Structures are given as structure tokens and as C-alpha cells.
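Protein chains in written order, with UniProt numbering: chain E, 1 to 327; chain F, 1 to 327.
Spelled out as C-alpha cells, the structure:
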């Protein structure tokens, strides 16, 4: 294992310090916690997210004016504990309640739920939106139902904009559920990630092999085959995602998300193919984003996310200015 | 070689299309060229940069209001041709002249110089600033003198801000030369990049080996040794850079730049160590930036850049808002 780190067991702590020391004008660490919160407090519903570390810039990179109020950093690929989530809720609450954006993994669901109970004992109103955008497989290694992956960042963005514009907790909850229902993602892996404390890749792919549908913790996908040209990868993912919609969207947003070990050059080649296919399919694309947003340590690969924007006004929220490290 | 691409020989063309189709609100392609230019035209000195591709987001990701007017994309690790650079100069010129920011490689110097001659025949005033921030070695594979690497992006940022605030061509040239003189960078590689048309890594490192001072095209560095903890890597680079300044800076900006295959988690661990060492050395840090800005395809590794900000007001320029894909 070749990683730039010190003790594997200290990697999250040291990363967290690195983040808050690098961008003190945007975020700070809530004392004695694994919570990164935005500096600027506004009278609005608090919006929090989090999960295991190893998905950087998610979620700390999306804390700031117009997106998240706070993020909780669990150990690598491990849900944060209820008390840490509770700390984030308290940090985010401005008296208007707090919405939690939770990726659909059994451990996260359990712990965010317990944190909600703790917060309600403090009389903080809490709601949650569960993101399960990964349509590759049902009931994966750590999940009942579908996994939550890169589409989560679009949920942060749309809800973050609504929250700063004064949406109430119940309005945010309703909007969040609507948004989640329109988002679909599939990933493709060229090479597995190595968890620092494990020291070897989570799975093995042959030198000429790829796997469709791998999760962001290396959970199994749905098919292995020989490495394909970008056009073929794009065709597989676009076709599968479009056919998963009950009604074909007239208008979508596209997110191409690098997994951590795949350079931007390849991501831009891939989105070029995706956009070509969507044009052929007569699907209009009114929002695009490319880059490493929800990674899986040093995994090589990427994911494609579509969000159905037909008859919505979410483009405004998706393109509004924010003050974060990484959007 | 595992890369998401189609024909290796088409990778730059397809990436370029991917970039302009993804961010049409910010940039466009100058017709029949390898030039990406910003949409918004202001009456200011034009600022252009470019070089071989494979360093994404450099330079196209830094085109936009407040940074570059245009970027030229050469083939992978290959200087753009004089006629392409000439096209960029014409696109960037608003009647106030054009400043070229050139990384110090023999091919780039030659071709930008020829383009300057071509532009002067069109009566466009052109100046250039040559960036040679890589203090690892003198006279490398493609370079007479020192190489130009990640510090180039800080030059874009400071000059971009000055240009939009009305600096004249001669003022920009003078400022650029001053800025370059204060920037020092060294990289460290864990694994070499693979050029798409070559198909195998540019050099080989053993499974437990790193190389200090490797260039962004895989040029040799100055020492190989066993993989070190982040703290030791930071110590090597900070010590070497600080001791290269004639007078120890009182105040610096820090850029930690990922090489393309190194996730943000590791970059934040590393900057945490760097900031600790600078604090011990009583050097104040008033600007920080972390991320993949000047990559080397899928190379694993990173570089550290310091810019001496003592007695300057460049922090304002470094932190000002811009409208680009990747700053």
C-alpha cells in the first residue's frame, strides 16, 4: 500500500485537522468532535450530512453558505456514532430545526436515527432524507434497498439553496424526498480502493477487467467484463439509467464523479460521450458537473448520475453560488 | 494500461469537447482550434497560458473572469504549436495587449516565442512571463534551467486579478516576474503516470519506493528512498524549499497539489503536517489551497508550493472570487 499518511489509525483525525486549518475562513471544527461546521450562522433550517470518511471531498467539502451547515466524519468507510451526529445537529440548529441527509447504509440509518432521538430530547426538531440513488443493485453488502452515492451531493446543493432561501423543515423534508426520487447513479470501477487500516485492495480486478455497479465502499456490482472504450461505458450507464425511469426524462442534470484515482482528463472524455448519447436520445441537459465529489479513497473509476429536471426549477438551486471548499 | 478513453490519439480532442460542452456558461472553443476561451469579454489585458495536456485542470480549468482569458491545449505532454498559441493571443486581445504565462520547457518557450512574433505582425502587443518554480533540479529532461510546475496556477490567479483590475501590459509583466521569483515548488512521486499513446508508466518505482523531485512529465527527481510517513515527506519538502529562499519568508501562501492519482484525504493529511512545520519555523501562512490543480495524468504523488507573501498584498488577489471551472 502506497499512501501519503502517518499512522493509518490517525488518518481521519489528521485529515480533519488539515481541512479546518486549510480553510479557516469557511469552516471550523466543533470542539472535541468529528464535526466540521460552517462559520457563518444564518437563521435557517440546519442541514447536515456525513458518513464514513474516504469519500472526500464529501461531505466536509460541501459545508458552507448555501450547502451544508455541518458534516460528520466517521472512521474510514464507517458510520459516525450517534453522539457525533447529535453534536452536528446541535451545531446546525438555529432554532428552526435540522434536516439530516443520510446515505442509505444500514449503519448510517441506525446511527442518524438514534441521533435524531437524542436531539428530540433537547427539543430540536429533526427530519431526515435518505438518499438511495445507486440503481446498480438492490440490497448490497451494507445496505437494505439501494445504496446512497454521488447523487447525494446534488441533494445537498438543492436543499442547501432552499434552506438559505427560508424553506421550513417540513418543506425541506418534502423537497428532499422529491429530489431523491429523481436521481439515479451507477458506477464503474477499474481498480479497487485500499482502506488504510487494511492495507490491500478491497477486491481484485484483472489488468484488463472492469466492474459495473461497484459501490463506493467496494461493494460488488452487477457485471465484470473486459475494459471497454469510454463510449461503451457511457452507453451501458446511460442506457441503464434512462431505462430505470418510469417515464423518460425530457430534461436532466448530469454529474460525472471521479472515484479518487481517476484524473479529470478521463472524466471529461467520458462526459463527452455521455452528452453525445443524451443528445441522440433527445434528452436535454441543462446542468452538468464533472469532478471528484464523492470518492472511494484511491479507487479508479467513476460514476454517472442523472437527475430528472423535467418540470422543476432546480437548475437555479444547482447553479447558485455557494461558499464551500469543494463545490 | 487502464484508462477511461476511446482512441488514445483522440483523447485531447474528446476531453476538450467534454470541457466546453460541460461548462458552456463559462467557456467556449475558438473555432477550428485547440483553444478554450472565456465567454465574457472585458476591456483588459488578455492573459493566456497553456502547454501540453495531461495536467488537468490546468490550464483550461482556470479560464474565466478573474483568471485566464484563454488556454491552449497541446497534445499530451507536448507543447502547443505556434499557430495555436497565436490563435489564443488573437482571441484574448481586447486592444490592450496580451500576457502569456509560459512554463519553462524548451518546446514551450520556443513555440510561445514564435507565436509572439506572429502576433506582433498583427500589431498585438505581447509580453511573456516564464514560470520556473520547481527547485528540485536544474536542467531537466525538457528544460534548460528549472521546470515550471504547480506554482504556475498562483501566477494565473494573481495576474488574473490584476488584469481585471486594469493593470497595463507592462505592469502585468513586471508583477508576473516579481511573483515568479517568490514561488518555489517540489514534488514527490509514488507512482509514475502512463501516457495514453505510450501505454506503460514513464518510469518504475518499487512497491515501497518514492522519488523526490519528479517533474510533471515524469522527469527524474533528486532522490529515491523507501516510502516515508507524511510527516517525513513534509519535512523534506518544507526544509528544502525554505532553505532555498535567500531570506526566510515571514509570511507565505501554501499550495498542496495532487498529481491526479492521489485522493484529497492524503493531500489534507499532508498539508496538516506542512502547516505544523511552518508553525514551528515561525512562518505565518495567510493563504492555503489544496487539490488537483496541475496534475500529471494518473501519477500518484503531490507537490508542495510556497509563495513568499512577506510585504506583498497578493493575498487579496489569491482569495478574490473568480468564475472558472476549477479554481
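The C-beta atom is built at its ideal place from N, Cα and C for all residues, glycine as well.
The structure presented is a predicted model; accordingly, all values stated were derived computationally and were not measured.
query	result
The stretch 196 to 204 of chain E in contact with the stretch 241 to 257 of chain E per 3-pair CB rule at 8 Å	no
Coarse secondary structure for residue 201 (chain F), derived from DSSP in three states	strand
Contacts of residue 294 (chain F) in chain E (Cβ-Cβ under 8 Å)	None at all; the shortest Cβ gap to chain E is about 11 Å.
Close beta carbons around residue 125 (chain E), own chain, < 6 Å, minus the five adjacent residues each side	97 and 169
For residue 120 (chain F) and residue 54 (chain F), the rounded distance between their alpha carbons	30 Å
Closest residue to residue 217 (chain E) among E:134, E:281, E:253 and E:284 (Cα-Cα distance)	E:134
Unbroken beta strand (DSSP E) run spanning residue 288 (chain F), endpoints	284 to 291
Residue 204 (chain F) and residue 224 (chain F) closer than 8 Å at C-beta	no
Touching by the beta-carbon criterion (3+ pairs, under 8 Å), the stretch 40 to 57 of chain E and the stretch 70 to 77 of chain E	yes
8 Å Cβ cutoff, residue 18 (chain E) in contact with chain F	yes
For residue 102 (chain E) and residue 228 (chain F), the rounded distance between their alpha carbons	37 Å
Short CB-CB distance (under 8 Å) between residue 8 (chain E) and chain F	no
Under 8 Å (Cβ pairs) to chain E, residues found in the stretch 262 to 276 of chain F	262, 263, 264, 265, 266, 267, 268, 269, 270, 271, 272, 273 and 275
Segment contact flag, the stretch 13 to 27 of chain E with the stretch 55 to 69 of chain E, C-beta cutoff 8 Å, min 3 pairs	yes
Test: residue 56 (chain E) CB closer than 8 Å to a CB of chain F	yes
Three-state secondary structure assigned by DSSP to residue 28 (chain E)	strand
Assigned exposure category for residue 139 (chain F) - 16 Cβ within 10 Å defines buried	exposed
Identity of the residues DSSP links to residue 212 (chain E) by a beta bridge	E:188 and E:223
Interface partners of residue 300 (chain F) on chain E, CB under 7 Å	2
Other residues of its chain near residue 84 (chain E): CB distance less than 7 Å, five sequence neighbours each side excluded	33, 34, 35 and 72
Whole-Å CB distance - residue 99 (chain F) paired with residue 38 (chain F), under 8 Å assumed	No, residue 99 (chain F) and residue 38 (chain F) are not in contact; Cβ-Cβ is about 15 Å, not under 8 Å.
Chain-ordered residues of the stretch 226 to 242 of chain F with a beta carbon less than 7 Å from chain E	227, 229, 230, 231 and 233
Residue 194 (chain F) (DSSP reduced to helix, strand or coil)	strand
Status (buried if at least 16 other CB within 10 Å, exposed otherwise) for residue 266 (chain E)	buried
Exposure of residue 93 (chain F), with buried meaning 16 or more beta-carbon neighbours within 10 Å	buried
Segment contact flag, the stretch 309 to 321 of chain E with the stretch 154 to 168 of chain E, C-beta cutoff 8 Å, min 3 pairs	yes
Own chain partners of residue 294 (chain E) with C-beta closer than 7 Å, once the 5 adjacent residues on each side are dropped	55, 58, 149, 150, 152, 153, 216 and 257
Whether residue 176 (chain F) touches residue 129 (chain F) by CB criterion (8 Å)	yes
7 Å CB neighbourhood of residue 262 (chain F) in its chain, flanking five on each side removed	300, 301 and 302
Identity of the residue in E:269, E:238, E:253 and E:272 nearest residue 285 (chain E) by Cα	E:253
Straight-line gap, residue 264 (chain E) to residue 122 (chain E) (C-alpha atoms, nearest Å)	45 Å
Cα-Cα separation between residue 22 (chain E) and residue 241 (chain F), rounded to whole angstroms	19 Å
For residue 321 (chain F), three-class secondary structure by DSSP	coil
Cβ distance (whole Å) where residue 269 (chain F) is taken to contact residue 4 (chain E) below 8 Å	6 Å
Whether residue 147 (chain F) touches residue 111 (chain F) by CB criterion (8 Å)	no
Interface residues of chain E facing residue 297 (chain F) [CB-CB closer than 8 Å]	263 and 265
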